[in-house]
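> Before we start, here is the structure in question, set down as structure tokens.
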Amino acid sequence: MESGETRLLWQVLQAEMPDLPAELLSAPSSRAAMAEIVDRCAQVTGGLGALAQAVELLRPGSDESARLRELAGQLTPSAGDIDALRGIVGDVVVPDLAELAREATGGPLEWAGEDVVDTYLELFELSADKRSLTPLIFLELVAGRTPAVQDALREWTNRQAALLEVRYELTRFRNERFPRPAVRETLTLMISISEAEDDEDQYLLAAWRQRDPHEWPPPRGPVVRASRANLEAAVDAIVIDAETAWAAHAGDIRVEFLLPHSLLHLPIAEWRTELASAAPIPLTLQYPVIVRSLERMRSPHWHRAWRMRAKRLSLSNSADNLFLLPRERADPLRDFAVLSDERWTAVAIDTPPAGGPAALSDELASVLRTGIPVVVWHRDGTAEAAAEAVRELMGDTPLNELPQRVAEARRDALRDPANAPAHDLVVLWDDPVRVVSATELDLTGTEVEH
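Here my numbering is used: the first residue of the sequence shown is -1, the next is one more, and so on.
Structure, rendered in structure tokens:
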């Protein structure tokens, strides 16, 4: 290689392997420089494979690239690789090494090394083809028996598989031998309801329906106008339309109602779906149903605190982080100071405003401003009653399962009406990941379906 190519090669390798020194000891134009590069790469985990890839990048299809790939495939793992492997498995005891080695080779084998690394090296030496998958299969079997080091060991085997160009084969073996349980992914239907400005008995509804669990926000659906008496029917139509679109989805569904404070009193827990049938079913029996704050979503100056507290909830996910905030003791400044303590990730309040154009209540305003993502209340009870219901429902269960537990408890109550802690419980659960823009939230002046 010319000196310029040698320098470039070294820069490419340094980007891939930060452990390499900044400069070569040999002059870039000398043959000694290439020998030094090969020697240094041989001492770094995955170094020869990275060198082969770098040369292929600079000289695609060249003889040098082909020889390096062959060299990488034939050489015993470097000292650095083996030291890294010993560091991972360390003092891990696997009593059935011989059994695992026999399974890896697929034939009779009367021996095994003294430990994982020795057995791996013996299998490597016995392999006529140094690209053989057998030694890596042995380590995959060990990983399956040693959960404490499983991730690190599989990361090591992934690097070796890439070096030997057998990554696909290793992944296929891993998936067949250790299939992962299918994950039931959840799709969200968020329904916004707000008062129409031109008629106090009219409401505007819009929905955001996920098509992919990793997509947010999805496109907003059409805006629908409905009277107070027809709100339940309008929601029913939105839910049935969503279920029709989700016919091929084999997973869970979550329904969220995005409401201004003046509509938090709406009897969502009593609304039903399939109203045209002989036996309509309450939404809360079919889905985890939560409410969300339209004021918070419309107030970006509250979002930083909201995101911080939501992160805290993910780290400290216990019903012990629930604070009681009865209305008769409400003092906006005191409440703000108390709720600013980051340990509080959920708050129980008294019944929210009964509706109308009144300003946001002091206690709810304090909760939203401090960023607390979870608020619970009883429709006809007190903050104490709501907190007691949450603790009875959750026990030692993580708090982030509260919406699901409430849905399960409501179904249980049909079987045993005497056990109904969640019957009148309302959960406001605001996830800062699922927000939509102010433009999307503005339903006024848009095309309306009657």
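C-beta: ideal position from N, C-alpha, C; glycine also.
Considering only the beta carbon of each residue, do Ser225 and Asp199 sit closer than 7 Å?
Residue mapping note: residue 225 aligns to position 227 of the sequence shown, counting from 1. Residue mapping note: residue 199 aligns to position 201 of the sequence shown, counting from 1. Yes, the Cβ-Cβ distance between Ser225 and Asp199 is below 7 Å.
> Looking at C-alpha atoms only, which residue of Ser364, Asp89, Arg252 is the closest neighbour of Thr184?
For the purposes of this step, residue 184 is taken as the residue at position 186 of the sequence shown. Of Ser364, Asp89, Arg252, the residue nearest in Cα terms is Arg252.
> If you reduce the DSSP assignment to three classes, tell me which class His376 lands in.
For the purposes of this step, residue 376 is taken as residue 378 along the sequence shown, with counting starting at 1. His376: strand per DSSP, three-state reduction.
> Near Val434, which residues of its chain fall below 6 Å by C-beta distance, leaving aside the five closest residues on each side in sequence?
For the purposes of this step, residue 434 is taken as the residue at position 436 of the sequence shown. Hits under 6 Å: Pro215.
> Checking 7 Å against the spacing of the C-beta atoms, do Thr4 and Ala33 come in under that value?
As a working mapping, residue 4 is identified with position 6 in the sequence shown. As a working mapping, residue 33 is identified with position 35 in the sequence shown. Cβ atoms of Thr4 and Ala33: not closer than 7 Å.
> Should Leu337 and Thr380 be called a contact, given that it needs their Cβ atoms to be closer than 7 Å?
By one-based count along the sequence shown, residue 337 stands at place 339. By one-based count along the sequence shown, residue 380 stands at place 382. Their beta carbons are not under 7 Å apart, which means Leu337 does not touch Thr380 by this criterion.
> If I measure Cβ to Cβ from Arg143 and keep anything under 7 Å in the same chain, skipping five residues before and after, which residues do I get?
Position 145 of the sequence shown, counted from the start, is the residue given in the question as residue 143. Contacts found: Val92.
> By DSSP's criteria, Ala248 is part of a beta bridge. Which residues make up the other side?
Residue numbering aside, residue 248 sits at position 250 when the sequence shown is read from its first letter. For Ala248, which the question treats as bridged, DSSP gives no partner whatsoever.
> Are Ala384 and Ala346 closer than 7 Å when you measure CB to CB?
As a first step, residue 384 must be located in the sequence shown, where it is residue number 386. As a first step, residue 346 must be located in the sequence shown, where it is residue number 348. The answer is yes: Cβ separation under 7 Å.
> Can you find at least 3 beta carbon pairs, one from the segment 218 to 237 and one from the segment 151 to 170, that sit closer than 8 Å?
Cβ pair count under 8 Å is below three, so no.
> What are the boundary residues of the beta strand (DSSP E) that Gln200 is part of?
Here the question's residue 200 lines up with position 202 in the sequence shown. Gln200 -> beta strand (DSSP E) spans 200 to 207.
> Could you tell me the distance, in whole angstroms, from the CA atom of His259 to the CA atom of Ala363?
Numbered from its first residue, the sequence shown carries residue 259 at position 261. Numbered from its first residue, the sequence shown carries residue 363 at position 365. About 10 Å.
> Quick check: the segment 369 to 376 against the segment 293 to 310, are there 3 or more CB pairs under 8 Å?
Contact between the segment 369 to 376 and the segment 293 to 310 is present, because at least three Cβ pairs lie under 8 Å.
> Which two residues bound the contiguous beta strand (DSSP E) that contains Ile191?
Within the sequence shown, numbered from 1, the residue matching residue 191 stands at position 193. Ile191 -> beta strand (DSSP E) spans 184 to 193.
> Provide the residue span of the beta strand (DSSP E) that contains Val289, from first to last.
Within the sequence shown, numbered from 1, the residue matching residue 289 stands at position 291. Element bounds for Val289: 287 to 291.
> Let's see if you can read the secondary structure: which residues bound the beta strand (DSSP E) around Arg223?
Residue 223 sits at position 225 when you count from the first residue of the sequence shown. Looking at the DSSP string, the run of the beta strand (DSSP E) that includes Arg223 is 221 to 225.
> According to DSSP, which residues form a beta bridge with Ile279?
Taking the first residue of the sequence shown as position 1, residue 279 is located at position 281. Bridge partners of Ile279: Thr271.
> Report yes if the CB atom of Val365 is closer than 7 Å to the CB atom of Val374, and no otherwise.
The residue given as residue 365 occupies position 367 in the sequence shown. The residue given as residue 374 occupies position 376 in the sequence shown. Cβ distance not < 7 Å, so Val365 and Val374 don't count as in contact.
> Name, in chain order, the residues that DSSP records as bridge partners for Ala344.
What you label residue 344 is simply residue 346 of the sequence shown in a count that begins at 1. Ala344 is bridged to Leu320, Val372.
> Are the segment 260 to 267 and the segment 387 to 401 touching by the rule of at least three beta carbon pairs closer than 8 Å?
Touching, no.
> Under the rule that 16 or more other beta-carbon atoms within 10 Å means buried, what is Asn319, buried or exposed?
By one-based count along the sequence shown, residue 319 stands at place 321. With 16 or more Cβ atoms within 10 Å of its Cβ, Asn319 is classed as buried.
> Thinking C-beta only, is Leu283 closer than 7 Å to Arg408?
Position 410 of the sequence shown, counting from 1, holds the residue named residue 408. Position 285 of the sequence shown, counting from 1, holds the residue named residue 283. Cβ distance < 7 Å, so Arg408 and Leu283 count as in contact.
> Measure the Cβ-Cβ separation of Arg182 and Asp250 and say whether it is below 7 Å.
Reading the sequence shown from its first residue, position 184 is the one you call residue 182. Reading the sequence shown from its first residue, position 252 is the one you call residue 250. Their beta carbons are under 7 Å apart, which means Arg182 touches Asp250 by this criterion.
> Taking its Cβ as the centre, do 16 or more other Cβ atoms sit within 10 Å of Asp333, making it buried, or is it exposed?
Reading the sequence shown from its first residue, position 335 is the one you call residue 333. Buried, since its Cβ has 16 or more Cβ neighbours within 10 Å.
> List the endpoints of the continuous beta strand (DSSP E) containing Val87.
For the purposes of this step, residue 87 is taken as the residue at position 89 of the sequence shown. Careful: Val87 lies outside any beta strand (DSSP E), inside the alpha helix (DSSP H) at 77 to 87.
> Please report the distance separating the alpha-carbon of Glu390 from that of Val425.
Position 392 of the sequence shown, counted from the start, is the residue given in the question as residue 390. Position 427 of the sequence shown, counted from the start, is the residue given in the question as residue 425. Approximately 15 Å between the Cα atoms of the pair.
> Would you tell me roughly how many angstroms separate the C-alpha atoms of Ala235 and Asp410, rounded to the nearest one?
Stepping through the sequence shown from its first residue, residue 235 is reached at position 237. Stepping through the sequence shown from its first residue, residue 410 is reached at position 412. Ala235 and Asp410: Cα-Cα distance of roughly 27 Å.
> Since Val115 contacts Val87 with CB under 8 Å, what's their CB separation in whole angstroms?
As a first step, residue 115 is located in the sequence shown; it is residue number 117 there, counting from the start. As a first step, residue 87 is located in the sequence shown; it is residue number 89 there, counting from the start. Indeed, because the Cβ distance is near 6 Å, the residues count as touching under 8 Å.
> Is DSSP giving Glu163 helix, strand or coil here?
In the sequence shown, residue 163 corresponds to position 165, counting from 1. In the structure shown, Glu163 sits in coil (DSSP, three-state: anything other than H, G, I, E or B).
> Where does Ser60 land, buried or exposed, given buried means 16+ other C-beta within 10 angstroms?
Translated into the one-based positions of the sequence shown, residue 60 becomes position 62. That one is exposed.
> Is the distance from the Cβ of Ala204 to the Cβ of Leu441 below 7 Å?
Here residue 204 corresponds to residue number 206 of the sequence shown, with the count starting at 1. Here residue 441 corresponds to residue number 443 of the sequence shown, with the count starting at 1. Result yes, Cβ atoms of Ala204 and Leu441 sit closer than 7 Å.
> Nearest by alpha-carbon distance to Pro75: which of Ala146, Ala160, Asp89, Pro330 is it?
Counted from its first residue, the sequence shown places residue 75 at position 77. The option with the nearest alpha carbon to Pro75 is Ala160.
> Tell me which residue opens and which closes the beta strand (DSSP E) that Leu426 is part of.
Mapped onto the sequence shown, residue 426 falls at position 428. Leu426 -> beta strand (DSSP E) spans 423 to 427.
> Considering only heavy atoms of the ligand GDP, does any lie closer than 6 Å to the CB of Pro286?
Of ligands this structure carries none, so the ligand GDP is not represented either.
> Please go through the same chain and pick out, in chain order, the residues whose beta-carbon is closer than 6 Å to the beta-carbon of Met295, but skip the five residues on each side of it.
Walking along the sequence shown from the start, residue 295 turns up at place 297. Result list for Met295: Val433, in chain order.
> Let me know if Ala277 comes out buried or exposed under the rule of 16 or more other beta-carbons within 10 Å of its beta-carbon.
Residue mapping note: residue 277 aligns to position 279 of the sequence shown, counting from 1. Ala277 comes out exposed.
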